[in-house]
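Engineer: Mind having a look at this structure? Questions to follow.
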Amino acid sequence: MVAVTNATASSSDAELFDTRFSMGAAALAAISFLLAIVVGWTGYQGSELVVVGMDLDVVSGLAGFMLLFLVSVTSLVAAVYMEPGFDH
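Start counting the sequence shown at 1; every next residue gets the next number (this note's numbering).
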């Protein structure tokens with residue numbers, strides 16, 4: 001039988017929007033996910049990004065999609081699993 005440590009037994013069940021850090025990380029996750037969709041679709045269409053002005057092909061669109069999707073997933077995991085710091 002595995003003994004439950006004190007840190008895991010008394011961890012708080014913080015919601016996604018309880019702290020400012022969680023709200024910021026969730027907002028970053030949402031924005032980067034939307035940007036990933038835009039970059040991936042732009043690369044699939046073979047057109048250019050409006051703001052940057054560079055032409056994207058399928059490979060560079062997929063690379064940008066994967067990078068922004070990684071940022072999105074990482075910040076969403078940080079928003080869900082990070083506990084409050086020293087200020088609480």
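Here a beta-carbon is modelled for each residue, glycine too, at the ideal position from N, C-alpha and C.
What residues are listed by DSSP as bridge partners for Asp55?
Structural biologist: On the sequence shown, residue 55 is found 55 positions in, with the first residue counted as 1. Answer by DSSP bridge pairing, in chain order: Glu48.
Engineer: Starting from the Cα of Val39, find the closest Cα among Met23, Phe69, Arg20 and give me that residue.
Structural biologist: Position 39 of the sequence shown, counting from 1, holds the residue named residue 39. It is Phe69 whose Cα lies nearest to the Cα of Val39.
Engineer: Thinking C-alpha only, which one of Val52, Ala30, Gly61 is nearest Gln45?
Structural biologist: Within the sequence shown, the letter at position 45 stands for residue 45. Checking every option, the nearest Cα to that of Gln45 belongs to Gly61.
Engineer: Is the beta carbon of Ala78 closer than 9 Å to that of Leu16?
Structural biologist: Against the sequence shown, residue 16 aligns to sequence position 16. Against the sequence shown, residue 78 aligns to sequence position 78. Not closer than 9 Å, so no.
Engineer: Taking the alpha carbon of Leu67 as the point to measure from, which residue in Phe33, Met82, Leu49 has its own alpha carbon closest?
Structural biologist: For the purposes of this step, residue 67 is identified with residue 67 of the sequence shown, where counting begins at 1. Selected option, being the one with the closest Cα: Phe33.
Engineer: Below 9 Å between beta carbons: does that hold for Gly53 and Ala36?
Structural biologist: One-based indexing of the sequence shown puts residue 53 at position 53. One-based indexing of the sequence shown puts residue 36 at position 36. Taking 9 Å as the Cβ cut-off, Gly53 and Ala36 do not qualify as a contacting pair.
Engineer: In whole angstroms, give me the CA-to-CA distance for Met23 and Val71.
Structural biologist: For the purposes of this step, residue 23 is identified with residue 23 of the sequence shown, where counting begins at 1. For the purposes of this step, residue 71 is identified with residue 71 of the sequence shown, where counting begins at 1. Rounded to the nearest angstrom, the two C-alpha atoms are 15 Å apart.
Engineer: On the criterion of 16 or more Cβ atoms from any shown chain inside 10 Å, does Ala27 qualify as buried, or is it exposed?
Structural biologist: What you label residue 27 is simply residue 27 of the sequence shown in a count that begins at 1. When all chains shown are included, Ala27 counts as exposed.
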